[in-house]
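Novice: Chains as they are written, first to last, in the numbering used here: chain A, 91 to 745; chain B, 441 to 498.
#1: Flag residue 211 of chain A as yes if its beta-carbon sits less than 9 angstroms from any beta-carbon of chain B, otherwise no.
#2: Using CA atoms only, rank isn't needed, just tell me which of A:189, A:188, A:207 and A:191 is closest to residue 197 of chain A.
#3: Excluding the 5 residues flanking residue 334 of chain A on each side, which residues of the same chain have their C-beta closer than 6 angstroms to its C-beta?
#4: Any Cβ of chain A within less than 9 angstroms of the Cβ of residue 450 of chain B?
#5: Check whether the Cβ atoms of residue 764 of chain A and residue 167 of chain A sit closer than 9 angstroms, and answer yes or no.
#6: Which residues does DSSP pair with residue 123 of chain A in a beta bridge?
#7: Buried or exposed: which applies to residue 679 of chain A, given that a residue is buried once 16 or more other Cβ atoms fall within 10 Å of its Cβ?
#8: According to DSSP, residue 98 of chain A sits in a beta bridge with which residue or residues?
#9: Please confirm if residue 486 of chain B has its CB atom under 9 angstroms from at least one CB of chain A.
#10: Should the segment 701-718 of chain A be called in touch with the segment 150-166 of chain A, which here means at least 3 C-beta pairs below 8 angstroms?
#11: Taking DSSP as the reference, what is the three-state secondary structure of residue 216 of chain A?
#12: Can we say the segment 133-140 of chain A touches the segment 103-114 of chain A, given the rule of at least three CB pairs closer than 8 angstroms?
#13: For the segment 630-645 of chain A, list every residue whose C-beta sits within 9 angstroms of some C-beta in chain B, in sequence order.
#14: In whole angstroms, what is the alpha-carbon distance linking residue 383 of chain A and residue 398 of chain A?
#15: List the residues of chain A that residue 446 of chain B touches, going by C-beta distances under 7 angstroms, in chain order.
#16: Taking Cβ to Cβ, would you say residue 171 of chain A is nearer than 9 angstroms to residue 99 of chain A?
#17: State the beta-bridge partners of residue 226 of chain A as determined by DSSP.
#18: Just how far apart, CA to CA, sit residue 459 of chain B and residue 485 of chain B?
#19: 9 angstroms is my cut-off, CB to CB: does residue 454 of chain B come that close to chain A?
#20: Nearest CA to the CA of residue 345 of chain A: which residue from A:609, A:476 and A:640?
#21: Look at residue 120 of chain A and residue 694 of chain A and say whether their C-beta atoms are less than 9 angstroms apart.
#22: Compute the beta-carbon to beta-carbon distance between residue 295 of chain A and residue 549 of chain A, rounded to the nearest angstrom, for a pair I have assumed lies under 8 angstroms.
#23: Please report whether the beta-carbon of residue 218 of chain A lies at a distance below 9 angstroms from any beta-carbon of chain B.
#24: Report yes if the C-beta distance between residue 639 of chain A and residue 607 of chain A is below 9 angstroms; otherwise report no.
#25: Where does the unbroken beta strand (DSSP E) through residue 186 of chain A begin, and where does it stop?
#26: In angstroms with no decimal places, state the Cα-to-Cα distance between residue 641 of chain A and residue 583 of chain A.
#27: Taking contact to mean at least 3 C-beta pairs separated by less than 8 angstroms, is the segment 587-598 of chain A in contact with the segment 292-309 of chain A?
#28: Measuring alpha carbon to alpha carbon, tell me which of A:263, A:151, A:420 and A:717 ends up nearest residue 481 of chain B.
#29: DSSP three-state label for residue 93 of chain A, please.
#30: Secondary structure at residue 408 of chain A, three-state DSSP: helix, strand or coil?
#31: Using a beta-carbon distance below 9 angstroms, is residue 153 of chain A in contact with chain B?
#32: Return the chain-ordered list of same chain residues with a C-beta closer than 8 angstroms to the C-beta of residue 717 of chain A, the five sequence neighbours on each side being excluded.
#33: Does DSSP put residue 165 of chain A in a helix, in a strand, or in coil?
#34: Rounded to the nearest angstrom, what separates residue 456 of chain B and residue 449 of chain B at their Cα positions?
#35: Let me make sure I understand the geometry here. Which of A:738, A:524 and A:697 has the alpha-carbon closest to that of residue 720 of chain A?
#36: By DSSP's criteria, residue 724 of chain A is part of a beta bridge. Which residues make up the other side?
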């Protein structure tokens, strides 16, 4: 299935009024849009994304798209034109800047625009925000979640494009079917009440799972959003601390001493623990109780030999120890009971207990717990003192950057709290005493749900269906995991082949893709490396996918050297999906000129700019070779000669 | 059909491992493809699911 972007039109927004037509050159392999900084690349990319899913614009966001003072209009719009399987459709976002409101309208057939958001049936099940965020990307920002632990950007991309998610949907279908059957089978009377009770509990568990999953998402988002700030702060603080050589030397010494003390302290703790495990080292009530227990085994006359003597003595007596006369019948009973009183195997166990107690009580002389305890205290105090000294040195070094230091400490605490939640809290195993109120472990909550569902199946008489659904779900889940692993391995291999060709110096290879992209021997790559690997990953996954989505990229070659840029151009030229990218004039050398050369000019080279005397003159001088669309404040020039010639006036901030 | 080949192969393999019939496997694959390519009505979906459950061996 082929899905393409054909163009877009905008009016009354903060970017100039533009009209882009991408299908003028039907053989185009790719589209390069050159827009100077501040012309609206980011705005355009964002609105293109919003054109493909029903986005809820807050009033503050509507305000963001408003044109600046002298160009202000009460209303504005952004209209995008797409094509799926040869059929054209439009989506339009209408802005009312006076009311700070918006509305969608769309046209998916010849009937014209209707006042709602709609997508053609061919893609309405496939296209959603997550997918669009993957293929309409700002390489500097949007690829980061693919490389961060606690993020699952890469895994989600694989699931989406390879359609692994379909299996998840089918599992959900079976779950719904099972619930439907259960409802149909509900009987009246006490069973119905029991079912109601269990269903209420099931709903509570489901709500708790949703609540935890929401929290997990928020925590992952927080970790992602604070990662760069935290890393930069940490790096800066280290630089500040290291800049004072005297303090640096002293700190290093203290750190060395601290590490040595810590090692001694930990070793002694381990040694002490081993000693404590020997019961003989207990110089306490517990030891007395254990020794008494062993003595009592003797006192009771156990094991067998002593038992025999004890009972023999009783049998020889005239009266029993309770005072009653021992007649022949009673003696017979005692003889029988004596045999069953203790067996040889039990005697062996008891003998072993006695031997262990005896052996371990002898250990006392060898280990002195009080001495160990006192040494542990000493090491602990020394360690605390050294930590304090290191902190003092840090404080001295950071005396002029207290705010940064405090901020980073705060971030570290907040991030640790969230990491702990993701690593430990939600992965706790299920315990029989768990309830949905007492745990936030997803593993436990899912198990609780399974148990309630089983009860419900029993109560409603749908056990057979329940078991079958369980079998199918289990098989599909295993297939899903296995497929994901195998596809990840293949994509990793394919990406590494491309990296090998594309990186000229110091190639960074991918070790694995599980949740996120793990790079060889390093926690994460530089922004440039991640951008390059990110584009390789997206190109690879798009090549593999059977749906030909457009890949729309902002800043595709930022941070790349000329060789990497040339190789990127070569990769893009081989891509079967539509490729569109936004660039600034600095990105042209070794990229667009190379692309023009290797594809014999078979692409769209478009330049869009806010009108100025200088740019207008430049466009007029090249008008014979280019197609120009003009509005009162913007121009779109289609053609390579102008594209090549165009140079930005100066560097400003992009919006 | 746009589901990755590996996904389909793994589904076939895992159902076979659990001794489920070829007929059931085919029905599952058909359901996956239908689920992917068209918007199934609830009735149609339930009909397909019921058929699959009838063929599932416990």
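Note that CB positions come from ideal geometry on N, CA and C, so glycine has one too. Just so it is clear, the structure is predicted and the values come from calculations on it, not from any experiment.
Specialist: On the basis of the supplied data:
#1: What you label residue 211 of chain A is simply residue 121 of the first chain in a count that begins at 1. The Cβ of residue 211 of chain A sits closer than 9 angstroms to at least one Cβ of chain B.
#2: Sequence index remark: in the first chain, residue 197 of chain A carries index 107 (1-based). Minimum Cα distance to residue 197 of chain A is reached at A:207.
#3: As a working mapping, residue 334 of chain A is identified with position 244 in the first chain. Spatial neighbours of residue 334 of chain A in its own chain (CB-CB distance under 6 angstroms, excluding positions within 5 residues in sequence) are listed in chain order as 487.
#4: Position 10 of the second chain, counted from the start, is the residue given in the question as residue 450 of chain B. Answer yes: the Cβ-Cβ gap between residue 450 of chain B and chain A drops below 9 angstroms somewhere.
#5: The requested residue 764 of chain A is not part of the displayed model; chain A covers only 91 to 745.
#6: If you number the first chain from 1, residue 123 of chain A lands on position 33. Per DSSP, the beta bridge partners of residue 123 of chain A are A:672 and A:696.
#7: In the first chain, residue 679 of chain A corresponds to position 589, counting from 1. Exposed, because fewer than 16 other Cβ atoms sit within 10 Å of the Cβ of residue 679 of chain A.
#8: Position 8 of the first chain, counting from 1, holds the residue named residue 98 of chain A. A:110 and A:170, per the DSSP bridge assignment.
#9: If you number the second chain from 1, residue 486 of chain B lands on position 46. Output row for residue 486 of chain B: interface = yes.
#10: Output reads no: the segment 150-166 of chain A does not touch the segment 701-718 of chain A.
#11: Here residue 216 of chain A refers to the residue found at position 126 when the first chain is read from its first residue. In the structure shown, residue 216 of chain A sits in coil (DSSP, three-state: anything other than H, G, I, E or B).
#12: Enough Cβ pairs lie closer than 8 angstroms, so yes.
#13: Result list: 634, 635, 636 and 637.
#14: The residue you call residue 383 of chain A lines up with position 293 of the first chain. The residue you call residue 398 of chain A lines up with position 308 of the first chain. Spanning the two alpha carbons is a distance of roughly 21 angstroms.
#15: The residue you call residue 446 of chain B lines up with position 6 of the second chain. Chain-order list of chain A residues neighbouring residue 446 of chain B: 573, 576 and 577, by C-beta distance under 7 angstroms.
#16: Locating residue 171 of chain A in the first chain gives position 81, counting from the first residue. Locating residue 99 of chain A in the first chain gives position 9, counting from the first residue. For residue 171 of chain A and residue 99 of chain A, yes; Cβs fall inside 9 angstroms.
#17: Taking the first chain and counting its residues from 1, the one referred to as residue 226 of chain A is at position 136. Under DSSP, residue 226 of chain A forms a beta bridge with A:642.
#18: Position 19 of the second chain, counting from 1, holds the residue named residue 459 of chain B. Position 45 of the second chain, counting from 1, holds the residue named residue 485 of chain B. Going by the C-alpha atoms only, they are around 24 angstroms apart.
#19: For the purposes of this step, residue 454 of chain B is identified with residue 14 of the second chain, where counting begins at 1. With 9 angstroms as the cut-off, residue 454 of chain B counts as an interface residue toward chain A.
#20: What you label residue 345 of chain A is simply residue 255 of the first chain in a count that begins at 1. Selected option, being the one with the closest Cα: A:476.
#21: Stepping through the first chain from its first residue, residue 120 of chain A is reached at position 30. Stepping through the first chain from its first residue, residue 694 of chain A is reached at position 604. Yes. Within cutoff.
#22: Residue mapping note: residue 295 of chain A aligns to position 205 of the first chain, counting from 1. Residue mapping note: residue 549 of chain A aligns to position 459 of the first chain, counting from 1. Their Cβ separation, rounded to whole angstroms, is 16 angstroms, which puts residue 295 of chain A and residue 549 of chain A out of contact at 8 angstroms.
#23: By 1-based counting over the first chain, the position of residue 218 of chain A is 128. Look at residue 218 of chain A: its C-beta is not under 9 angstroms from any C-beta on chain B.
#24: For the purposes of this step, residue 639 of chain A is taken as the residue at position 549 of the first chain. For the purposes of this step, residue 607 of chain A is taken as the residue at position 517 of the first chain. For residue 639 of chain A and residue 607 of chain A, no; Cβs fall outside 9 angstroms.
#25: Translated into the one-based positions of the first chain, residue 186 of chain A becomes position 96. Residue 186 of chain A -> beta strand (DSSP E) spans 177-186.
#26: As a working note, residue 641 of chain A is residue 551 in the first chain. As a working note, residue 583 of chain A is residue 493 in the first chain. Near 21 angstroms, if we compare the C-alpha coordinates of residue 583 of chain A and residue 641 of chain A.
#27: The segment 587-598 of chain A is not in contact with the segment 292-309 of chain A.
#28: Indexing the second chain from 1 puts residue 481 of chain B at position 41. Looking only at A:263, A:151, A:420 and A:717, the smallest Cα-Cα distance to residue 481 of chain B is reached by A:263.
#29: Indexing the first chain from 1 puts residue 93 of chain A at position 3. The answer is strand: DSSP assigns residue 93 of chain A an E or B state.
#30: Locating residue 408 of chain A in the first chain gives position 318, where the first residue counts as 1. Of the three classes helix, strand and coil, the one that applies to residue 408 of chain A here is coil, per DSSP.
#31: Looking up residue 153 of chain A in the first chain gives position 63. Taking Cβ atoms only, chain B never reaches closer than 9 angstroms to residue 153 of chain A, which makes this a no.
#32: To locate residue 717 of chain A, count along the first chain from 1; it is residue 627. Cβ neighbours of residue 717 of chain A within its own chain (closer than 8 angstroms, five residues either side excluded): 114, 727, 728 and 729.
#33: Sequence index remark: in the first chain, residue 165 of chain A carries index 75 (1-based). The three-state reading of DSSP puts residue 165 of chain A in strand, counting E and B together.
#34: Looking up residue 456 of chain B in the second chain gives position 16. Looking up residue 449 of chain B in the second chain gives position 9. Roughly 11 angstroms between the two C-alpha positions.
#35: Numbered from 1 along the first chain, position 630 holds the residue referred to as residue 720 of chain A. Among A:738, A:524 and A:697, the Cα nearest to that of residue 720 of chain A belongs to A:697.
#36: The sequence position of residue 724 of chain A within the first chain is 634, counting from 1. Answer is A:700.
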